[in-house]
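As structure tokens, the structure follows; a few thoughts come after it.
In my numbering, the protein residues as written are 58 to 209.
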């Protein structure tokens with residue numbers, strides 16, 4: 058099978074894209090530590106309720122539990138492929154940052170923080186660790202600067 062629409066590698070112009078080995082080993086270990094924190098944390102909090110479910114979940118509790126379980130499985134994959142699984146950490150970073158900005162921050166500015174969300178504020182503020190672990194130059198080059206994949 059000869060597909061004439063596929064160009065040989067020599068015909069593709071070289072892009073200024075850092076290879077995976079341009080992300081330092083320390084940064085890869087930081088990423089793996091972040092994935093491990095997610096796996097262990099959610100393994101202790103979420104998975105016991107899944108493996109030993111004794112009661113029927115409410116709609117939102119079921120949705121959140123299943124999403125967190127899926128997130129923990131993807132984070133486990135990130136232990137092996139820390140750069141390939143970066144979108145998982147970016148999702149974590151975005152939802153927690155948005156939640157902090159849109160839910161407790163307005164309450165705090167109004168001088169009243171709802172007691173029900175105080176624990177979540179602390180848990181979500183740990184997103185600072187994700188900000189620290191992300192190799193931002195790699196993200197910029199591979200997700201913003203690099204040309205997107207073709208549509209057709």
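We put the beta carbon where it would ideally sit given N, CA and C, even for glycine.
A straight line joining the alpha-carbon of residue 158 with that of residue 100 spans about 27 Å. Cβ-Cβ distances below 6 Å link residue 134 to 142 in the same chain, with the five nearest sequence neighbours on each side left out; the list follows chain order.
Taking 8 Å as the cut-off, the Cβ atoms of residue 187 and residue 146 count as close. Three or more beta-carbon pairs separated by less than 8 Å link the stretch 85-95 to the stretch 188-203, which places the two stretches in contact. The beta carbon of residue 155 is closer than 8 Å to none in its chain, skipping five residues each way along the sequence. Using a Cβ distance threshold of 8 Å, residue 132 and residue 160 do not count as a contacting pair.
Following the DSSP letters along the chain, one finds residue 102 inside the alpha helix (DSSP H) bounded by residues 82-102.
Linking residue 169 to residue 179 through their CA atoms gives a straight-line distance of about 16 Å.
For residue 135, the enclosing alpha helix (DSSP H) begins and ends at 116-137. In this structure, residue 107 lies near residue 126, with their beta-carbon atoms less than 8 Å apart. Beta-carbon to beta-carbon, residue 139 and residue 200 are separated by about 15 Å, too far to satisfy the 8 Å threshold. Counted as a single uninterrupted DSSP element, the alpha helix (DSSP H) harbouring residue 163 occupies residues 161-166. Where residue 193 is concerned, the enclosing alpha helix (DSSP H) starts and stops at 193-196. Excluding residues up to 5 positions away in sequence, 153, 156, 157 lie with their Cβ nearer than 7 Å to the Cβ of residue 181 in the same chain.
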